[in-house]
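Asks: Chains as they are written, first to last, in our numbering: chain A, 183 to 351; chain B, 183 to 351.
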DNA sequence: GAAATTGGGCAGCCATGTTGACGTATCTTG
DNA sequence: CAAGATACGTCAACATGGCTGCCCAATTTC
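And the structure:
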């Protein structure tokens with residue numbers, strides 16, 4: 183299951199890249215990298231009076247139009263009360279609309295309005311610029327490694343849900 | 183500067199790995215991967231009545247013992263009022279202590295107490311387990327790529343500060 | 001040595017998460 | 001068809017972790 187370990191350090195049980203400095207480096211790069219990626223969209227959000235919670239919601243609805251409230255709750259990992267407030271604000275601003283499910287009329291299916299799509303696209307553009315610059319600078323092979331490590335951080339159960347986003351995108 | 187691009191798609195200006203699905207994949211893996219990495223320490227923090235903001239503070243003080251409040255402010259990218267509250271709580275709980283700077287007596291130099299070091303070590307252990315499992319599963323080459331991409335997300339100016347953490351670690 | 005700069009701190013507000021309890025419409029099942 | 005389960009919404013109260021505004025003390029500068 184685990185990768186083969188080079189054994190250049192006979193006195194150590196772990197290869198060099200599993201030692202504390204390399205772990206700390208990963209933690210720090212994740213923290214700073216992710217922070218800077220998101221920092222770019224705050225301005226665009228603030229201009230609409232929205233926050234990051236609203237962005238995450240817009241993002242996933244854009245990704246899976248017609249998803250149910252319960253699907254979104256599982257993806258975001260928050261309570262329905264928290265999501266309810268965010269969804270309410272987005273609906274009031276005509277960025278999100280709900281339609282009653284046809285097979286099960288208790289369900290509310292979530293969609294972006296044209297305005298919502300436009301805002302999501304604008305915010306995505308900021309993320310795209312930063313991440314694609316990082317991808318291009320690092321090269322294709324590095325991007326594959328980047329994905330590999332991050333996938334390993336996600337529990338198997340949830341990895342399915344994340345992979346499902348790709349298929350529908 | 184940029185890596186060589188394979189040109190399997192002559193009709194596209196960008197290589198495949200710079201297209202929207204690959205960008206969205208990176209965004210999603212970062213979001214879910216980082217979320218799960220951090221989720222593991224919440225329990226340990228809650229048992230002490232602390233939150234993630236406290237952890238970040240403990241982490242960086244552990245990383246650079248004796249750093250100034252202003253150094254920490256730059257690293258965290260928050261306001262000194264926000265940090266002040268966190269530092270106050272950590273000091274009250276005897277996890278952090280400050281010493282007056284010798285060259286400039288306005289400065290407060292930050293250190294972890296033995297209890298603070300023990301807590302930071304415990305929290306780090308949880309992060310280490312998860313990240314080293316992901317590293318091992320992905321392999322050394324993937325880890326290098328992971329670092330490469332994340333570095334590209336950090337503005338050059340700040341990259342220096344992040345790199346400095348490694349030297350002192 | 002007065003003024004400006006710098007390091008730090010306190011008070012109070014806002015965004016966004018939490019729990020708990022409850023209401024209502026709809027679907028499912030005995 | 002009655003009973004229970006499910007999907008969603010909502011009210012109230014509260015915690016965390018950001019923020020701005022204002023203030024004090026120490027140092028540097030002119």
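Where a beta carbon is used, it is the ideal one built from N, C-alpha and C, also for glycine.
Given the structure is predicted, the values throughout are model-derived calculations rather than measurements.
Mind the definition here: the stretch 287-303 of chain A touches the stretch 204-220 of chain B only if three or more C-beta pairs lie below 8 Å; say whether that holds.
Replies: A contact between stretches requires three or more CB pairs, one per stretch, nearer than 8 Å, and the stretch 287-303 of chain A fails this requirement with the stretch 204-220 of chain B.
Asks: Using three-state DSSP, classify residue 295 of chain A as helix, strand or coil.
Replies: Here residue 295 of chain A refers to the residue found at position 113 of the first chain. Three-state result, residue 295 of chain A: coil.
Asks: Skipping 5 residues on each side, what residues in its chain have a beta carbon closer than 6 Å to that of residue 321 of chain A?
Replies: Here residue 321 of chain A is taken as the residue at index 139 of the first chain, counted from 1. So no residue of the chain qualifies.
Asks: Where does residue 282 of chain B fall in DSSP's three states?
Replies: Within the second chain, residue 282 of chain B is the residue found at index 100, counting from 1. Reduced to three states, the DSSP call for residue 282 of chain B is strand.
Asks: Suppose you measure from the CA of residue 184 of chain A to the CA of residue 319 of chain B; what does that come to, to the nearest Å?
Replies: Working through the first chain from its first residue, we reach residue 184 of chain A at position 2. Working through the second chain from its first residue, we reach residue 319 of chain B at position 137. With a pLDDT of only 49 at residue 184 of chain A, under the threshold of 50, the placement of this residue in the model should not be trusted, and no figure is reported.
Asks: If we call anything under 8 Å between Cβ atoms a contact, is residue 336 of chain A one with residue 222 of chain B?
Replies: Residue mapping note: residue 336 of chain A aligns to position 154 of the first chain, counting from 1. Residue mapping note: residue 222 of chain B aligns to position 40 of the second chain, counting from 1. It is not a contact, given that the beta carbons lie outside the stated cut-off.
Asks: Closer than 7 Å by beta-carbon distance: list the chain A residues that pair up with residue 330 of chain B, in chain order.
Replies: Your numbering for residue 330 of chain B matches position 148 in the second chain. Within 7 Å Cβ-Cβ: 320, 324.
Asks: Answer yes if the stretch 233-245 of chain B comes into contact with the stretch 257-270 of chain B, meaning at least three C-beta pairs across the two stretches below 8 Å, and no otherwise.
Replies: In this structure the stretch 257-270 of chain B touches the stretch 233-245 of chain B; the number of beta carbon pairs closer than 8 Å is three or more.
Asks: Can you have a look at residue 204 of chain B and say buried or exposed, based on whether 16 or more other CB atoms are within 10 angstroms of its CB?
Replies: Reading the second chain from its first residue, position 22 is the one you call residue 204 of chain B. Buried: at least 16 other Cβ atoms inside 10 Å.
Asks: Considering residue 229 of chain B, what are the terminal residues of the alpha helix (DSSP H) in which it resides?
Replies: The sequence position of residue 229 of chain B within the second chain is 47, counting from 1. That residue, residue 229 of chain B, is in no alpha helix (DSSP H); it is neither H nor E in DSSP.
Asks: Going by C-alpha distance, which of A:317, A:207, A:304, A:259 is nearest residue 343 of chain A?
Replies: Position 161 of the first chain holds residue 343 of chain A. Ranking the options by Cα distance to residue 343 of chain A, first place goes to A:259.
Asks: How would you list, in chain order, the residues of chain B whose beta-carbon sits under 7 Å from the beta-carbon of residue 302 of chain A?
Replies: Translated into the one-based positions of the first chain, residue 302 of chain A becomes position 120. Within 7 Å Cβ-Cβ: nothing; residue 302 of chain A doesn't reach chain B, min ~11 Å.
Asks: Using a 10 Å radius around the Cβ and a threshold of 16 neighbouring Cβ atoms, would you call residue 324 of chain A buried or exposed?
Replies: If you number the first chain from 1, residue 324 of chain A lands on position 142. Of the residues assessed, residue 324 of chain A falls on the buried side of the cut-off, its CB having 16 or more other CB atoms within 10 angstroms.
Asks: According to DSSP, is residue 212 of chain A part of a helix, a strand, or is it coil?
Replies: Translated into the one-based positions of the first chain, residue 212 of chain A becomes position 30. Correct three-state label for residue 212 of chain A: helix.
Asks: For residue 251 of chain B, which residues from the same chain have a beta carbon less than 6 Å from its beta carbon, with the 5 sequence-adjacent residues on both sides left out?
Replies: Position 69 of the second chain, counted from the first residue, corresponds to residue 251 of chain B. Around residue 251 of chain B: 290.
Asks: Based on the DSSP output, what are the partners of residue 249 of chain A in its beta bridges?
Replies: By one-based count along the first chain, residue 249 of chain A stands at place 67. Residue 249 of chain A is bridged to A:292.
Asks: For residue 323 of chain B, does the three-state DSSP call read helix, strand or coil?
Replies: Within the second chain, residue 323 of chain B is the residue found at index 141, counting from 1. Note: residue 323 of chain B maps to helix in three-state DSSP.
Asks: Compute the beta-carbon to beta-carbon distance between residue 226 of chain A and residue 308 of chain A, rounded to the nearest angstrom, for a pair I have assumed lies under 8 Å.
Replies: To locate residue 226 of chain A, count along the first chain from 1; it is residue 44. To locate residue 308 of chain A, count along the first chain from 1; it is residue 126. Right, their Cβ atoms sit about 7 Å apart.
Asks: Tell me whether residue 197 of chain B is buried or exposed, calling it buried when 16 or more other Cβ atoms sit within 10 Å of its Cβ.
Replies: In the second chain, counting from the first residue as 1, residue 197 of chain B sits at position 15. Burial call: buried.
Asks: When the Cα of residue 201 of chain A is compared with those of B:338, B:317, B:233, which residue comes out closest?
Replies: For the purposes of this step, residue 201 of chain A is identified with residue 19 of the first chain, where counting begins at 1. Ranking the options by Cα distance to residue 201 of chain A, first place goes to B:317.
Asks: Taking just the CA atoms, how far does residue 303 of chain A sit from residue 248 of chain A?
Replies: As a position in the first chain, residue 248 of chain A is number 66, starting the count at 1. As a position in the first chain, residue 303 of chain A is number 121, starting the count at 1. Distance between the alpha carbons of residue 248 of chain A and residue 303 of chain A is about 17 Å.
Asks: Just to confirm my understanding: we take residue 235 of chain B, look at its own chain, exclude 5 residues before and 5 after, and list those with CB closer than 6 Å. What are they?
Replies: Locating residue 235 of chain B in the second chain gives position 53, counting from the first residue. The residues are 268.
Asks: Which of helix, strand or coil does DSSP assign to residue 205 of chain A?
Replies: Within the first chain, numbered from 1, the residue matching residue 205 of chain A stands at position 23. In this structure, residue 205 of chain A counts as helix in the three-state DSSP scheme.
Asks: Is there a Cβ of chain A sitting closer than 8 Å to that of residue 256 of chain B, yes or no?
Replies: Against the second chain, residue 256 of chain B aligns to sequence position 74. Closer than 8 Å: no.
Asks: Buried or exposed for residue 285 of chain A, going by 16 or more other Cβ atoms inside 10 Å?
Replies: Numbered from its first residue, the first chain carries residue 285 of chain A at position 103. Burial call: exposed.
Asks: For a contact meaning CB atoms closer than 9 Å, what does residue 299 of chain A contact in chain B?
Replies: Sequence index remark: in the first chain, residue 299 of chain A carries index 117 (1-based). Those do not exist, as residue 299 of chain A stays about 14 Å from chain B at its closest Cβ, beyond 9 Å.
Asks: Let's see if you can read the secondary structure: which residues bound the alpha helix (DSSP H) around residue 287 of chain A?
Replies: Numbered from 1 along the first chain, position 105 holds the residue referred to as residue 287 of chain A. It is not in any alpha helix (DSSP H) - residue 287 of chain A carries neither H nor E in the DSSP assignment.
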